[in-house]
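Reading through the structure tokens given below for one structure.
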Amino acid sequence: MLKKVLINQLLPGMRVVKVDIGWENFPHSKGAFTVNSSEDIVKLYEHCKTVLIEVAAVQGEDQVQTEPEENNTNESNSEPTTTATTASSSARTDLRAKISEQMVTESYLETLSALRTLFDQVRSGNTIDDEALQGCVRNLLLSTAARPETLSLLSQLTEKDSSLERKSLDVAVLSLMFGRYLGMKSEQLQQLGMAALLHDIGMLKVPAELLQQTEMLSVGQRLQIQKHVEYGCYILEAYSRLKPLIGIIAYHHERYDGTGYPAGLRGKRIPLPSRILHLTTTFEALTRNRHYSEQSSTTNALSKIYAWRNQVVDATLVEKFIKAVGIYPIGTLVQLNDRRIGVVTALHERLRSRPKLKPLFDTNGSLLDDRSEIDLSQIEYQDLKINRALEAGKVPPSVFNQIGGLLGLNPNI
1 MLKKVLINQL
11 LPGMRVVKVD
21 IGWENFPHSK
31 GAFTVNSSED
41 IVKLYEHCKT
51 VLIEVAAVQG
61 EDQVQTEPEE
71 NNTNESNSEP
81 TTTATTASSS
91 ARTDLRAKIS
101 EQMVTESYLE
111 TLSALRTLFD
121 QVRSGNTIDD
131 EALQGCVRNL
141 LLSTAARPET
151 LSLLSQLTEK
161 DSSLERKSLD
171 VAVLSLMFGR
181 YLGMKSEQLQ
191 QLGMAALLHD
201 IGMLKVPAEL
211 LQQTEMLSVG
221 QRLQIQKHVE
231 YGCYILEAYS
241 RLKPLIGIIA
251 YHHERYDGTG
261 YPAGLRGKRI
271 PLPSRILHLT
281 TTFEALTRNR
291 HYSEQSSTTN
301 ALSKIYAWRN
311 QVVDATLVEK
321 FIKAVGIYPI
331 GTLVQLNDRR
341 IGVVTALHER
351 LRSRPKLKPL
361 FDTNGSLLDD
371 RSEIDLSQIE
381 YQDLKINRAL
391 EAGKVPPSVF
401 NQIGGLLGLN
411 PNI
């Protein structure tokens, strides 16, 4: 007996026998297979809405919904539901004509500089001047509309330091892109961008030795670090233009199941911008090389987040996030089935698992002579496939800088 289920209700162990788009249109398998991991589910979600599964493969029939509902009636009507970019193709073309890759690079660097200045003001106890940072967010918004691929590559392929400024900037880039995908308005995006840049400003008041500690933290030490949320809200309280950000920053560590901090809010009681910020900070943390945790490839990070839906993170947002960034986000290093190594440079709106990429190295790490961009969505490349995403932590920083140079990016960040 077969049952029709939504992709977000699949569990490892279920056997998929039919996909709604037909096996001929599903690039990851040409016939029935058993779901072994969250990564398999993520790949299905990229292309399909529903599948048919064998009932015999389901552990407990009450775990699946036999009459799937396409609309989530619990989703607040006030929240953005758009799943396409808000700017029209013609508007984006006009913006791209006005905003060059160099301008996007300069915008990224200027934001990092302005953020460092503001954080130095906090460290020294001086008055915060946020005017420059507000302007930087406006420029980042234009960059996400005109050349999101350049901004993503800058975030992913330039050598990363462990500074709070760099981490906050990369979270802001990701949050703005996702917010734009969701259809948020300009003023909402401006506020989201500022909140993302300043979400961990309270960390500046936490003892540095705690943040740099490599051994396991005690309960007391964890509680001390968690107070950074309170510290951050206290800092922003004194500034009228920054005070509205408190309603976002105060709840960016809340978890969807109510086990987060500081208020233990759950579900839709957590403000939407806070839920977005929690999702993007989680993804950024998983894909960043940190001294106290193992770094994940982007694909593995998406699989982990998908497995945490409606526990750590909002399931509806997770599913939209996967569609927004794709299985292989821009800037991901990948290995092809012919063993070449390249970098994803652009995504397709409807076929995000078949991106554009630039092959750069052979299997021995030697630079290729022909580094022409390849569009995997084109029929001439139908036999070429991405085998796996590479873990950035295993790639020397010098290689990242070399890749940035090959793509025409400024690596000196």
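Per the UniProt record's numbering, numbering of the sequence shown is gapless, rising by one per residue and ending at 413.
Cβ atoms here follow ideal geometry from the backbone N, Cα and C, with glycine treated the same way.
Within 8 Å, strictly: CB atoms of residue i and residue j
{"i": "F178", "j": "F321", "result": "yes"}
{"i": "I327", "j": "E46", "result": "yes"}
{"i": "S186", "j": "L141", "result": "yes"}
{"i": "L192", "j": "S168", "result": "no"}
{"i": "A195", "j": "I248", "result": "yes"}
{"i": "R147", "j": "V104", "result": "yes"}
{"i": "T281", "j": "H252", "result": "yes"}
{"i": "I225", "j": "E237", "result": "no"}
{"i": "Y306", "j": "V318", "result": "yes"}
{"i": "L302", "j": "V42", "result": "yes"}
{"i": "T34", "j": "I7", "result": "no"}
{"i": "A250", "j": "V229", "result": "yes"}
{"i": "P329", "j": "V344", "result": "yes"}
{"i": "P359", "j": "R340", "result": "yes"}
{"i": "P145", "j": "R116", "result": "As written in the sequence, residue 145 is Ala, which differs from the Pro given in the question. In this structure, R116 does not lie closer than 8 Å to A145 by Cβ."}
{"i": "L133", "j": "A114", "result": "yes"}
{"i": "I128", "j": "Y239", "result": "yes"}
{"i": "E284", "j": "D170", "result": "yes"}
{"i": "L164", "j": "D130", "result": "no"}
{"i": "L154", "j": "Y108", "result": "yes"}
CA-to-CA distance, residue j to residue i, given in whole angstroms
{"i": "residue 415", "j": "N126", "result": "No statement about residue 415 is possible, as the shown extent of the chain runs from 1 to 413 and does not include it."}
{"i": "V16", "j": "K323", "result": "21 Å"}
{"i": "K227", "j": "Q188", "result": "27 Å"}
{"i": "Q156", "j": "E391", "result": "12 Å"}
{"i": "T316", "j": "S366", "result": "42 Å"}
{"i": "S100", "j": "N139", "result": "12 Å"}
{"i": "L198", "j": "A346", "result": "29 Å"}
{"i": "T298", "j": "K304", "result": "10 Å"}
{"i": "G135", "j": "C233", "result": "22 Å"}
{"i": "P273", "j": "E254", "result": "12 Å"}
{"i": "E24", "j": "Q190", "result": "43 Å"}
{"i": "L182", "j": "E149", "result": "17 Å"}
{"i": "residue 419", "j": "L242", "result": "In the structure as shown, the chain begins at 1 and stops at 413. Residue 419 is therefore absent and cannot be evaluated."}
{"i": "F26", "j": "V19", "result": "8 Å"}
{"i": "A97", "j": "S143", "result": "12 Å"}
{"i": "L44", "j": "L279", "result": "21 Å"}
{"i": "L277", "j": "T332", "result": "21 Å"}
{"i": "T363", "j": "L204", "result": "43 Å"}
{"i": "H288", "j": "K268", "result": "Contrary to the premise, residue 288 reads as Arg rather than His in this sequence. Straight-line Cα distance between these residues: approximately 28 Å."}
{"i": "R275", "j": "L265", "result": "11 Å"}
{"i": "S162", "j": "L112", "result": "13 Å"}
{"i": "E349", "j": "L223", "result": "43 Å"}
{"i": "L351", "j": "C48", "result": "11 Å"}
{"i": "M184", "j": "V137", "result": "15 Å"}
{"i": "R371", "j": "F361", "result": "9 Å"}
For residue i, three-class secondary structure by DSSP
{"i": "G342", "result": "strand"}
{"i": "R147", "result": "coil"}
{"i": "D20", "result": "coil"}
{"i": "D375", "result": "strand"}
{"i": "R309", "result": "strand"}
{"i": "T34", "result": "strand"}
{"i": "Q382", "result": "coil"}
{"i": "R255", "result": "coil"}
{"i": "L351", "result": "coil"}
{"i": "K4", "result": "strand"}
{"i": "F321", "result": "helix"}
{"i": "R15", "result": "strand"}
{"i": "E215", "result": "coil"}
{"i": "residue 418", "result": "This structure leaves residue 418 out entirely; the chain is present only between 1 and 413."}
{"i": "R288", "result": "coil"}
{"i": "N364", "result": "coil"}
{"i": "P273", "result": "helix"}
{"i": "R116", "result": "helix"}
{"i": "Q9", "result": "helix"}
{"i": "A132", "result": "helix"}
Contact test: residue i Cβ vs the ligand PLP heavy atom, cutoff 7 Å
{"i": "L154", "result": "Among the components of this structure there are no ligands whatsoever, and the ligand PLP is therefore not found."}
Check: Are there three or more Cβ pairs, one per stretch, closer than 8 Å when the region 374-382 is compared with the region 346-365?
Finding: yes
Checklist line | Touch test, the region 334-346 against the region 308-321, Cβ-Cβ under 8 Å, three pairs minimum | finding: no
Check: Are the region 250-269 and the region 202-222 touching by the rule of at least three beta carbon pairs closer than 8 Å?
Finding: no
Notebook entry, point to check: Which whole runs of the alpha helix (DSSP H) in the region 219-246 are 4 residues long or more, in chain order?
Noted result: 219-226, 228-237
Check: Quick one: complete alpha helix (DSSP H) runs, 4+ long, within the region 167-210?
Finding: 186-198
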